[in-house]
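Peer 1: The C-terminal residue of the sequence shown carries number 188 in this note's numbering, and the numbering is unbroken.
Positions of the beta carbon are idealized from the N, C-alpha and C atoms, including for glycine.
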Amino acid sequence: MSNITLAASRPVLADRIGSRTLATDVALIAAGAALTAGAAQIVIPMWPVPITGQTFAVLFVGATLGSLRGALSMLLYVGLGVAGLPVFAEGGAGLAKLAGPTGGYMIGFVLAAALVGWLAQKQWDRKVLGTIGAFLAGTAVIYAVGLPWLSVALGQLGYPNDLTATLQAGLYPFIPGDLIKALAAGGLLPLVWKLTSRTK
-11 MSNITLAASR
-1 PVLADRIGSR
9 TLATDVALIA
19 AGAALTAGAA
29 QIVIPMWPVP
39 ITGQTFAVLF
49 VGATLGSLRG
59 ALSMLLYVGL
69 GVAGLPVFAE
79 GGAGLAKLAG
89 PTGGYMIGFV
99 LAAALVGWLA
109 QKQWDRKVLG
119 TIGAFLAGTA
129 VIYAVGLPWL
139 SVALGQLGYP
149 NDLTATLQAG
159 LYPFIPGDLI
169 KALAAGGLLP
179 LVWKLTSRTK
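(1) Using 8 Å as the Cβ pair cut-off and three pairs as the minimum, do the segment 118 to 129 and the segment 61 to 79 touch?
(2) Would DSSP call Gly31 helix, strand or coil?
(3) In the DSSP output, what is Thr40 paired with across the bridge?
(4) Measure the alpha-carbon distance for Asp166 versus Val140 and round it to whole angstroms.
(5) Would you grab the beta carbon distance between Ala132 and Gly96 for me? Rounded to a whole angstrom, and I think it's under 8 Å.
(6) Between which residues of its own chain and Ile17 is the CB-CB distance below 8 Å, once the five residues before and five after are set aside?
(7) With Pro136 as the anchor, note down where its alpha helix (DSSP H) starts and where it stops.
(8) Which term fits Met34, buried or exposed, when burial requires 16 or more other beta carbons within 10 angstroms of its beta carbon?
(9) Please look up how many angstroms separate the CB atoms of Tyr100 and Val46, rounded, as I've assumed it's under 8 Å.
(10) Assign Gln111 to one of three DSSP states: helix, strand, or coil.
(11) Between the Cα of Leu117 and those of Ala71, Gly92, Gly174 and Leu68, spot the shortest distance and give me the residue it belongs to.
(12) With distances taken between CB atoms, is the gap from Leu138 to Thr152 smaller than 7 Å?
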């Protein structure tokens, strides 16, 4: 199958930067992991879950790389952190960090990038409302994995872990930021599509 056919079958922004090769895919996957690692260091300290720039990076990587490469990029990010590189929020690293209160969110990153990437392949990211919807769907996936994990972790640490306590610790403080991120993406990605379409 030619590179042109592959690009047409996965019409995401990354496929518009040039010819599609294995080396390009590897570089993009690594770049997505690096972007997420950098965004993880933008932190407003909170316990048990800090506010970071991670989720925007995760969803942006999924939207621009597509489902498979987006998911692989997040797997690489999590793998590097587990291996000991300080790529998690606040320079965290190690298996213990993954097993802690925020571990479920990081697992959710992989699934969220895959979902947003799949929606981008369906051209959701070319319209404002579609992009916002894709980002909100990806965010919901992160919470769907992160909140139950957080509840278990809080209970193991001896903290209240009923539904109200879990939502107060891991959901409510993040809703305004999540909405802002989705709106920002809704303005950014369709604009980039328009710009790249004019140059092709």
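Peer 2: Looking at the atomic coordinates:
(1) Judged by Cβ distances under 8 Å, the segment 118 to 129 makes no contact with the segment 61 to 79, as fewer than three pairs qualify.
(2) As a first step, residue 31 must be located in the sequence shown, where it is residue number 43. Per the sequence shown, residue 31 should be read as Val rather than Gly. The three-state reading of DSSP puts Val31 in strand, counting E and B together.
(3) Position 52 of the sequence shown holds residue 40. Among the bridge pairs identified by DSSP, Thr40 is matched with Val31.
(4) Numbered from 1 along the sequence shown, position 178 holds the residue referred to as residue 166. Numbered from 1 along the sequence shown, position 152 holds the residue referred to as residue 140. Distance from the CA of Asp166 to the CA of Val140, rounded to the nearest whole angstrom, comes to 23 Å.
(5) Looking up residue 132 in the sequence shown gives position 144. Looking up residue 96 in the sequence shown gives position 108. That belief holds up - the Cβ atoms of Ala132 and Gly96 are roughly 7 Å apart, short of 8 Å.
(6) Taking the sequence shown and counting its residues from 1, the one referred to as residue 17 is at position 29. The answer, listed in chain order, is Leu53, Arg57, Leu60, Ser61 and Leu64.
(7) Position 148 of the sequence shown, counting from 1, holds the residue named residue 136. Unbroken alpha helix (DSSP H) run through Pro136: Val116 to Gln144.
(8) As a working mapping, residue 34 is identified with position 46 in the sequence shown. Of the other Cβ atoms in all chains shown, fewer than 16 fall within 10 Å of the Cβ of Met34; this residue is therefore exposed.
(9) Position 112 of the sequence shown, counting from 1, holds the residue named residue 100. Position 58 of the sequence shown, counting from 1, holds the residue named residue 46. One detail in the question is off: residue 100 reads as Ala in this sequence, not Tyr. In this structure Ala100 touches Val46 by the C-beta definition: roughly 6 Å separates them, less than 8 Å.
(10) One-based indexing of the sequence shown puts residue 111 at position 123. In the structure shown, Gln111 adopts coil according to DSSP, grouped into three states.
(11) Counting from one through the sequence shown, the residue named residue 117 turns up at place 129. Comparing Cα-Cα distances from Leu117 to each of Ala71, Gly92, Gly174 and Leu68, the minimum goes to Gly174.
(12) Residue 138 sits at position 150 when you count from the first residue of the sequence shown. Residue 152 sits at position 164 when you count from the first residue of the sequence shown. For Leu138 and Thr152, no; Cβs fall outside 7 Å.
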